[in-house]
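Per the working numbering, the first sequence starts with residue 341, numbered consecutively.
Ideal Cβ placement from N, Cα and C applies to all residues, glycine included.
None of these values were measured; they are calculated from a predicted model.
Structure first, commentary second.
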Amino acid sequence: MHDLSFFRGNLEAIAARLATRGFELNLEEFRSLDAERRAALAETEGLKALRNAESVEIGKLRKQGVDTSARQQKVREAGERITLLDQKAAELEERFRLLLASVPNLPHESVPAGRSERDNVEIHRWGEPRQFDFEPKAHWDLGPEMKILDLERAAKIAGARFAVYWGGGARLERALINFMLDVHTREHGYTEVLPPFLVNSASLYGTGQLPKFAQDLFKLEGTDFWLTPTAEVPVTNLFRDETLDGDRLPIKLCAYTPCFRSEAGSYGRDVRGIIRQHQFQKVELVKFTRADQSYDELEKLTGDAEDILKRLGLPFRRVVLCTADTGFSSAKTYDIEVWLPGQNAYREISSCSNFEAFQARRAGIRTKSGKGKAEFAHTLNGSGLAVGRTWVAVVENFQQADGSVLAPEALRPYLGAERITPQGEYR
RNA sequence: GGAGAGAUGGCCGAGCGGUUGAAGGCGCACGCUUGGAAAGCGUGUAUAGGGGAAACUCUAUCGAGGGUUCGAAUCCCUCUCUCUCCGCCA
Numbered sequence: 341m342h343d344l345s346f347f348r349g350n351l352e353a354i355a356a357r358l359a360t361r362g363f364e365l366n367l368e369e370f371r372s373l374d375a376e377r378r379a380a381l382a383e384t385e386g387l388k389a390l391r392n393a394e395s396v397e398i399g400k401l402r403k404q405g406v407d408t409s410a411r412q413q414k415v416r417e418a419g420e421r422i423t424l425l426d427q428k429a430a431e432l433e434e435r436f437r438l439l440l441a442s443v444p445n446l447p448h449e450s451v452p453a454g455r456s457e458r459d460n461v462e463i464h465r466w467g468e469p470r471q472f473d474f475e476p477k478a479h480w481d482l483g484p485e486m487k488i489l490d491l492e493r494a495a496k497i498a499g500a501r502f503a504v505y506w507g508g509g510a511r512l513e514r515a516l517i518n519f520m521l522d523v524h525t526r527e528h529g530y531t532e533v534l535p536p537f538l539v540n541s542a543s544l545y546g547t548g549q550l551p552k553f554a555q556d557l558f559k560l561e562g563t564d565f566w567l568t569p570t571a572e573v574p575v576t577n578l579f580r581d582e583t584l585d586g587d588r589l590p591i592k593l594c595a596y597t598p599c600f601r602s603e604a605g606s607y608g609r610d611v612r613g614i615i616r617q618h619q620f621q622k623v624e625l626v627k628f629t630r631a632d633q634s635y636d637e638l639e640k641l642t643g644d645a646e647d648i649l650k651r652l653g654l655p656f657r658r659v660v661l662c663t664a665d666t667g668f669s670s671a672k673t674y675d676i677e678v679w680l681p682g683q684n685a686y687r688e689i690s691s692c693s694n695f696e697a698f699q700a701r702r703a704g705i706r707t708k709s710g711k712g713k714a715e716f717a718h719t720l721n722g723s724g725l726a727v728g729r730t731w732v733a734v735v736e737n738f739q740q741a742d743g744s745v746l747a748p749e750a751l752r753p754y755l756g757a758e759r760i761t762p763q764g765e766y767r
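Structure (structure tokens):
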């Protein structure tokens, strides 16, 4: 959500900037709706002022025993007009709010202009993809062969785009979660939170999933509960409608949650394996900062996510998303892509974004330093990391000729073993 | 699931259908006082939107949404949340 007066005052410049991300702002619609809305407001508010003044008058006169029924009749009629005008004003207000809420964030000046994901710019690489002396397998072959990943039974008990992990596979998922949380809390200074996995509409509105992206979410029938699509939603909304002490920022939180996505419209994409699932596990990093801190903190947050991959010895690269590929609420996003030898490609494993005040404005998250006036905080988040995709990366990168997976050193205490071996039969 | 109580400003807390945007207190800010501090005294202290160059002014907001009324924090209805007791349960 943009600041209304800033938006109104810089319409042309904003429209031009939004065009770089492929969003066409209808200036005429905005201007006329805004004018209509203000006219309606002025009219109804004028009448209300009249009614308020009259009511006070009537009160005084009645105390003196004066008959006021004529004046009351007059105010009653004004009241009826107010009801009508209020309705009209509320409709205009709602249309205007929806229009404003559907406008994406402005990309930061450092974001490269581009038309599609092909225009994303690589920032750096880390690690060398391993040279195999055998043909590395994709996890969708290796997992079922090792009997640590079971997609058929997952389809039976839930459906497509779900997974069942067995034995060492389940243990690997759990080890990764604990490893990530421990590194972020002990080494990177984040505070762990465990939020609800169901959230209400207000929270989804606060982080920008609603009203535009309802079709990407799962909703529980007959309730206002939605399955959380990312911990970003519950964790960012922790401080909804609160004012944070500016001297104590940044606040750095990390959270493990499962994430649920309908994946409507992604039919046919990544249908093999567990790259794209209706449910996946994720450890999320969330920061609340002052405006002057947020870009430094974005670099640090992205570095914290990359550190997990370094500790696991998984090669990766960082790209900055171009204007067209940057998400709706984000001003700047880095994607971290991990090397997957089974697919001979780098694949997204983390997405780290600075939303500036875009979410905070919707969610009412303010900050105040000393005597200063309260202003909107900046919010950031990033995957630290997507656990399922890290599982894939570990299995594919560290697979051995004998059909086992040699665990990265850092993970062994969590795994309680130095390698993951085939399960034999499912039991 | 059943029965009851409650929700008012940053916090505590008053509130008769009529200058109550809201007493009083605490906190906070500024000033006076002081060698300095404490105490004391004084002044100020919400958010959003509209109008205005500004001073300022209008509108809305007492959990949320409706209703009654000339007028609602106060009356009525619905919902949400919190607390207490009973039942059930990991």
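Inter-residue Cα distance where the pair is residue i and residue j
| i | j | result |
| --- | --- | --- |
| E688 | S634 | 23 Å |
| D522 | V623 | 11 Å |
| E383 | L425 | 8 Å |
| L746 | Q740 | 7 Å |
| G509 | A494 | 14 Å |
| R580 | A714 | 14 Å |
| F698 | K487 | 45 Å |
| R759 | P535 | 32 Å |
| G529 | K592 | 7 Å |
| K428 | L438 | 15 Å |
| A389 | G419 | 11 Å |
| P338 | L584 | Outside the shown range of the chain, which is 341 to 767, sits residue 338, and nothing can be said about it. |
| A441 | M341 | 5 Å |
| G507 | F600 | 23 Å |
| I398 | R421 | 19 Å |
| E431 | P598 | 38 Å |
| A515 | K552 | 36 Å |
| R288 | R357 | Given that the chain is displayed from residue 341 to residue 767, the structure contains no residue 288 and the question cannot be resolved. |
| R411 | L560 | 52 Å |
For residue i, the residue or residues it bridges with in DSSP
| i | result |
| --- | --- |
| H718 | T629 |
| Y674 | V660 and C692 |
| A685 | L680 |
| V539 | W566 |
| D585 | K708 |
| E532 | C594 |
Cutoff 7 Å; reference residue i; Cβ partners in own chain excluding five residues on either side
| i | result |
| --- | --- |
| S691 | T673, D675, G722 and S723 |
| R501 | E603, R616, Q617 and H618 |
| E637 | P590, K627, T629 and L720 |
| A503 | L489, L491, A494, I614 and Q617 |
| R511 | L755 |
| D644 | H524, H528, L625 and G724 |
| E433 | R377 |
| T360 | P447, A453 and T663 |
| W731 | L512, E513 and L516 |
Nonlocal neighbours in the same chain, by C-beta distance under 8 Å from residue i, ignoring five residues either side
| i | result |
| --- | --- |
| R455 | G362, C662 and A664 |
| A671 | N445, L446, P447, H448, V451, S693, N694, F695, E696 and F698 |
| D647 | V523, E527 and H528 |
Cβ distance (whole Å) where residue i is taken to contact residue j below 8 Å
| i | j | result |
| --- | --- | --- |
| L367 | R435 | Actually they do not touch by this definition, with Cβ atoms about 16 Å apart. |
| Q621 | V727 | 4 Å |
| R658 | H464 | 6 Å |
| R416 | T408 | Not confirmed; about 12 Å, so no contact. |
| N577 | G546 | 5 Å |
| V539 | P574 | 5 Å |
| P469 | E736 | Wrong, their Cβ atoms sit about 11 Å apart, outside the cutoff. |
Buried or exposed by the 16-neighbour rule on C-beta atoms within 10 Å, applied to residue i
| i | result |
| --- | --- |
| G605 | exposed |
| F472 | exposed |
| A717 | buried |
| N392 | exposed |
| L751 | buried |
| N684 | exposed |
| G405 | exposed |
| Y686 | buried |
| P753 | exposed |
| S543 | buried |
| S345 | exposed |
| I705 | buried |
Sequence-distant residues of its chain with Cβ nearer than 6 Å to residue i (five each side left out)
| i | result |
| --- | --- |
| P748 | L652 and G653 |
| A631 | H718 |
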